[in-house]
Amino acid sequence: MGGSSEGDSIMGDVRDNSEPLESKSGGNHIKSYKKRSKTLPEKEFRLRQSILTELMEQKHFQACHNFIIALMVHYALGGIVTDFVESGSLDLGLTNAKNLFGKPILWLKLVVLLHLTPMLVLYPGFYLWANYRSQKYFNSTRHLLDKCFYLFLTGIFLMVFYIPIRVHFQDERIPYGACAVVVIEQLRISMKMYAFARTNIKRILNPSVSPALKSKLEEHVSSNKHRGSDLTGPQSNENLRNRKNKEIIKGEETETDFSTHRSAHPASEFKSFDEDILCPDFSKLLYFLYAPTLIYRDHYPRNNIRRWDFIGWHLAHMFGCVMFYSLVQHRFGYVLLQNFGPHNPMTFKELVSIGFCQIIVGISAMYLGWVTMLHSMQNVFAELLRFGDRGFYKAWWCCTSMGEYHRTWNTPVQDFLYNYVYKEAWEKGLGQKAKWLPTLLVFVLSNIFHEYAMSFACQFFCPVMGLLFMGPGTFLTFLPNKKFPQLGNIFMLYSFSLGYAFFHIFYMVEHFARVNDCPGASTPLLDFFIPRFLTCGAVKWN
640 MGGSSEGDSI MGDVRDNSEP LESKSGGNHI KSYKKRSKTL PEKEFRLRQS ILTELMEQKH
700 FQACHNFIIA LMVHYALGGI VTDFVESGSL DLGLTNAKNL FGKPILWLKL VVLLHLTPML
760 VLYPGFYLWA NYRSQKYFNS TRHLLDKCFY LFLTGIFLMV FYIPIRVHFQ DERIPYGACA
820 VVVIEQLRIS MKMYAFARTN IKRILNPSVS PALKSKLEEH VSSNKHRGSD LTGPQSNENL
880 RNRKNKEIIK GEETETDFST HRSAHPASEF KSFDEDILCP DFSKLLYFLY APTLIYRDHY
940 PRNNIRRWDF IGWHLAHMFG CVMFYSLVQH RFGYVLLQNF GPHNPMTFKE LVSIGFCQII
1000 VGISAMYLGW VTMLHSMQNV FAELLRFGDR GFYKAWWCCT SMGEYHRTWN TPVQDFLYNY
1060 VYKEAWEKGL GQKAKWLPTL LVFVLSNIFH EYAMSFACQF FCPVMGLLFM GPGTFLTFLP
1120 NKKFPQLGNI FMLYSFSLGY AFFHIFYMVE HFARVNDCPG ASTPLLDFFI PRFLTCGAVK
1180 WN
């Protein structure tokens, strides 16, 4: 819910994360940067459009895009005609879509609960902790306050994961499509909360005072000296700083608050953080929750207009992608495997044949899922919030190696893993022991949460993704490919299509084995981990 022997295969070339580094010889510069410093550069935001948005301005790319849409329309019409001739009715994949997103009241309640958690639980607790720990009379118990706050944070994250799991597994089963929505929001909200807490905890534990605030503090201290007030200690300064925050920030808001500006500002004038405050305003958290980024900043570069036609076009894209994938999945998945089970077994050869047919579904899932989630949806929220940095992905279709693909496919998650996992692991000394260890840590964490998401949605454990990801996926990521870039690009595109095909065939076979009454293991726990299609005789191996 992100390449080389330097251990950068996932996080890759840090020039992708930092604007100042992009003009300095790429990977060679970052290698020398690591040698010079134990710290890595931070993510920097800038005004830019998505690559597809820029490509759509070229008439030749528009023609290719329109050709793909024409093929999709032709295939959809062919499926409609075939269904009507064979069954005398029109389905259009709507039955499949309805089954995927059934019980809307239940899963929408869970989504709303997830969205309210950072607003009504995390922020009030964080605000109280940030303000009370700076008070002088809490000096002796500050360590205890910190421990209580960390326990509070742990409880929030446990609650965010426990409640949906409890509802889904013990109370009522949520359909697969709705489960995907819930688990994606669960992971997204969790990463947002972690980013907000991690970034601002650092600011509170290591406060920095700007010149404007420092002069105010000194003026206030000198004016109170004649009263015999001991206001020169560090704790008093912290207390005074918190009391003066609103007054100072109010006077400087016209210079720093980019969320209210109607025009874009040069990068040299842009400030990502308010140096004069410890606890951000609630509006900062609210904006961050819905901004298409997983890296917290007080301010982001903003566009000066909101284009409603742009929003409508991408919403139409999302709807079309979901409906077309539903149709493809219905014809090449549901129809072929709906009767699979102990009463209608299949031979191993038949399953292999169906598995290779799933490449069509795999390509559709990979491309349509990417367009829906990482292009159209992100651009819709970015346009609604006038969020300026639209670099949600890079040109992954030009990649020649797995490592490059991982760095370019999903930039928001890659940025999160780089800033809050890879970078911190490197700066803690893990990268000094072995340069590949931070990368391996990212791989392991990513694999765990991918498997969690699939297990949550399907309600069974089938570690196909994990085996492919941690096996050949990890090996190929560390394997550079510079001599044959064109062959590498073809291999990368085909291997990922084949990988998605494997995911579909294994998960669908296990799904229909459970739906069609394949007997499970003796206990619910064993039944969750042991695939039924391997033990119930639904597959004829001879």
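Take the working numbering: the final residue in the sequence shown is number 1181, and no numbers are missing along the way.
Don't be surprised by glycine CBs; every beta carbon is placed ideally from N, CA and C.
Computed from a predicted structure; not experimentally measured.
Asked, Found
"Range of the contiguous alpha helix (DSSP H) that encloses residue 781", "781–805"
"Proximal residues to residue 768 (C-beta, below 6 Å), its chain only, five neighbours per side dropped", "788"
"Helix, strand or coil at residue 1026 according to DSSP, with G and I counted as helix", "strand"
"Own chain partners of residue 950 with C-beta closer than 7 Å, once the 5 adjacent residues on each side are dropped", "1019, 1022, 1023"
"Which residues DSSP lists as bridging residue 1178, in chain order", "985"
"Residue 1153 (DSSP reduced to helix, strand or coil)", "helix"
"DSSP bridge partner residues for residue 980 (one or two, in chain order)", "983"
"Which residues DSSP lists as bridging residue 687, in chain order", "1028"
"Extent of the continuous alpha helix (DSSP H) run through residue 766", "762–771"
"Backbone secondary structure at residue 946 - three-state DSSP", "coil"
"Alpha-carbon spacing of residue 749 relative to residue 802, whole angstroms", "8 Å"
"Reduced DSSP secondary structure (H/G/I, E/B, other) of residue 842", "helix"
"For residue 926, the first and last residue of its enclosing alpha helix (DSSP H)", "921–929"
"Residue 707 classed as buried or exposed, judged by whether at least 16 other C-beta atoms fall within 10 angstroms", "exposed"
"Closest Cα partner of residue 740 within the set 1137, 1075, 818", "818"
"Residue 985 versus residue 1177 - alpha carbon distance", "6 Å"
"The stretch 964–974 contacting the stretch 990–1010, beta-carbon criterion three pairs below 8 Å", "yes"
"Collapsed DSSP secondary structure at residue 941 in the structure displayed", "strand"
"Residue nearest to residue 601 in terms of C-alpha spacing, selected from 973, 712, 1074", "As shown, the chain starts at 640 and ends at 1181. That puts residue 601 outside it, with no answer to give."
"Closest residue to residue 983 among 697, 1179, 723 (Cα-Cα distance)", "1179"
"CB of residue 940 within 8 Å of CB of residue 686, strictly", "yes"
"Helix, strand or coil at residue 1101 according to DSSP, with G and I counted as helix", "coil"
"Where residue 1074 falls: helix, strand or coil (DSSP)", "coil"
"Reduced DSSP secondary structure (H/G/I, E/B, other) of residue 814", "coil"
"Simplified DSSP assignment, three categories, for residue 1033", "coil"
"Residue 854 - DSSP class collapsed to helix/strand/coil", "With a pLDDT of 46 at residue 854, under the threshold of 50, the modelled position of that residue is not reliable, and no figure is offered here."
"Stretch pair the stretch 1135–1148 + the stretch 986–996: three plus CB contacts closer than 8 Å", "yes"
"CA-to-CA distance, residue 1014 to residue 742, given in whole angstroms", "28 Å"
"Rounded separation between residue 935 and residue 1108 - CA only", "29 Å"
"Local Cβ density within 10 Å of residue 728, reported as buried at 16 or more and exposed below that", "exposed"
"Nearest-angstrom beta carbon gap, residue 804 and residue 756 [assumed within contact, 8 Å]", "Not a contact, Cβ separation roughly 15 Å."
"Residue span of the alpha helix (DSSP H) that contains residue 735, given as start and end", "733–739"
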